[in-house]
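Novice:
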Amino acid sequence: MTSVTKRNALDPKDKLFAQRIYLFLGSLFITSLVVSNLIFQKFFYWYPLDIEIFGSKLFEISVGILPYPITFLITDLISEIYGKKKANDIVVAGIFASVFSLFIILVANVAPATSWSYVNDNLFNTVFGNSTIAVFASMVTYLLAQLIDIQIYHFWKRYTKGKKLWLRNNFSTWFSQFVDTFTILILLSSFGIIPWENFKGLLISGFLFKVLIAALDTPLLYLGVYLFKKRFNLKTNQEIEIL
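See the structure below:
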C-alpha cells in the first residue's frame, strides 16, 4: 500500500477554481439526497426483462432511487480528487440539509391551509406526511452507507496505489448500496410505510438497479478524474488540498 500526497503548489486562481468545483459538486450531492427523500413514495416500473421476483416484477422501484446513485458517484469523485476528509465533510453537510428540510416540512404541515388553497391539509399530509419517517430512515442508512463507501473506496485506493479506478468505484458502491437498500427497506417496512410482502422484491430490484447504475457511471467517474488531473496537473495518488 502507499499513501496519497497533496498537491499544494496550486496558484491562488487555480485553488479558488478547485474550491468552486467542490462547492458545485456538494450542491449536486445535497440536492440529490434531499429530493430523493421527498419523492420516495411514488413507485415506477421498468421492465427490460420479463422477470418476477417474490411475486413482483423486476425493477418495480421507488422514484427516490433515481437521484440517489448520483450521491455515491459524487463522493467517489470527491474522494479521488479532494481526499477522504472532504468527502466526509459533504456527508455531514447532507445530514444537516436533510434535518433542515425535515424541519421545514414539519412546520408547513402544521400550518393550516386556507379554504381556497389548491393543496389542502389532507393532500399535503398525504404527499409529505411520511417524509418525517423517510428522512429519518434515509439519514440512518445514508450515514452508514456513505461512511462505508468512503472507507472501502480509500482502502482500495491505497491497496492499488491509486490505480484500477473502476475497481474501487464499483466495489465500494456495490457493498455500500446493498447496506443502504437493505437498511432503509427494513426501517420503512418496520414503520408500516412499505408492506413486508414487498420487502424481498424491492431489496433485489433496488440493489440490482443500483449495481447497474454504478457500472454505467464508471465511465463518468473516469472522465471526471481525467478532467481534474489534466486541469490541475495531478499525478497518480495526488489530491487537491483546499480550505
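In terms of this note's numbering, the sequence shown opens at residue 246 and continues consecutively. Beta carbons: idealized from backbone N, C-alpha and C, even for Gly.
Expressed to the nearest angstrom, what Euclidean distance is found between the alpha-carbon atoms of residue 368 and residue 467?
Specialist: Their Cα atoms are separated by approximately 44 Å.
Novice: Could you pull the start and end residues of the beta strand (DSSP E) that residue 484 belongs to?
Specialist: Taken as a continuous stretch (DSSP letters only), the beta strand (DSSP E) holding residue 484 covers 483–485.
Novice: Which whole-angstrom value is the C-beta distance of residue 470 and residue 392, which I expect to be below 8 Å?
Specialist: About 22 Å separates the two Cβ atoms, so there is no contact after all.
Novice: Starting from the N-terminal side, write out each stretch of the alpha helix (DSSP H) that is 4 residues or longer and does not extend beyond the stretch 302–376.
Specialist: Segments of the alpha helix (DSSP H) lying fully in the stretch 302–376: 313–326, 329–355, 366–373.
Novice: Between the C-alpha atoms of residue 462 and residue 347, what's the straight-line distance to the nearest angstrom?
Specialist: Between residue 462 and residue 347, the C-alpha separation is close to 30 Å.
Novice: From 410, 456, 443, 361, pick the residue whose C-alpha is nearest to that of residue 420; which is it?
Specialist: Minimum Cα distance to residue 420 is reached at 456.
Novice: Could you tell me whether the Cβ atoms of residue 309 and residue 349 are closer together than 7 Å?
Specialist: Their beta carbons are not under 7 Å apart, which means residue 309 does not touch residue 349 by this criterion.
Novice: Touch check for the stretch 274–283 and the stretch 310–318: three-plus C-beta pairs under 8 Å?
Specialist: Flag = yes, the stretch 274–283 and the stretch 310–318 touch.
Novice: Please identify the residue among 485, 406, 342, 434 whose C-alpha is closest to the C-alpha of residue 282.
Specialist: With distances taken between Cα atoms, residue 282 lies closest to 342.
Novice: Assuming contact is defined by CB atoms lying nearer than 7 Å, are residue 417 and residue 404 in contact in what I supplied?
Specialist: Not a contact, by the Cβ cut-off of 7 Å.
Novice: When the Cα atoms are used, what is the spatial distance from residue 345 to residue 454?
Specialist: Straight-line Cα distance between these residues: approximately 29 Å.
Novice: From residue 374 to residue 427, what distance separates their C-alpha atoms?
Specialist: Near 23 Å, if we compare the C-alpha coordinates of residue 427 and residue 374.
Novice: Can you grab the Cα-Cα spacing for the pair residue 479 / residue 326, in whole Å?
Specialist: Roughly 9 Å separates the two Cα atoms.
Novice: I'd like the span of the beta strand (DSSP E) that includes residue 290, first residue to last.
Specialist: From DSSP, the beta strand (DSSP E) with residue 290 extends over 288–290.
Novice: Let's see if you can read the secondary structure: which residues bound the alpha helix (DSSP H) around residue 452?
Specialist: First-last of the alpha helix (DSSP H) with residue 452: 444–477.
Novice: Please report the distance separating the alpha-carbon of residue 389 from that of residue 334.
Specialist: Each residue's Cα considered, the two are about 14 Å apart.
Novice: Using the Cβ count rule (16 or more neighbours within 10 Å means buried), how would you classify residue 485?
Specialist: Result: buried.
Novice: Determine the extent of the alpha helix (DSSP H) in which residue 411 is found, giving its start and end residues.
Specialist: Element bounds for residue 411: 410–435.
Novice: On the premise that residue 329 lies in contact with residue 431, defined as a C-beta separation below 8 Å, what is that separation, rounded to the nearest angstrom?
Specialist: That belief does not hold up - the Cβ atoms of residue 431 and residue 329 are roughly 28 Å apart, past 8 Å.
Novice: Whose C-beta lies closer than 8 Å to the C-beta of residue 362 among residues of the same chain, with five residues either side of it excluded?
Specialist: Nothing meets the Cβ criterion.
Novice: I think residue 377 touches residue 412, with their Cβ atoms under 8 Å apart; what is that distance to the nearest whole Å?
Specialist: Their Cβ separation, rounded to whole angstroms, is 39 Å, which puts residue 377 and residue 412 out of contact at 8 Å.
Novice: Could you check where the alpha helix (DSSP H) with residue 275 kicks off and where it finishes?
Specialist: Per DSSP, residue 275 belongs to the alpha helix (DSSP H) from 257–283.
Novice: Taking the C-alpha atoms as reference points, what is the distance between residue 440 and residue 401?
Specialist: Their backbone Cα atoms lie some 38 Å apart in a straight line.
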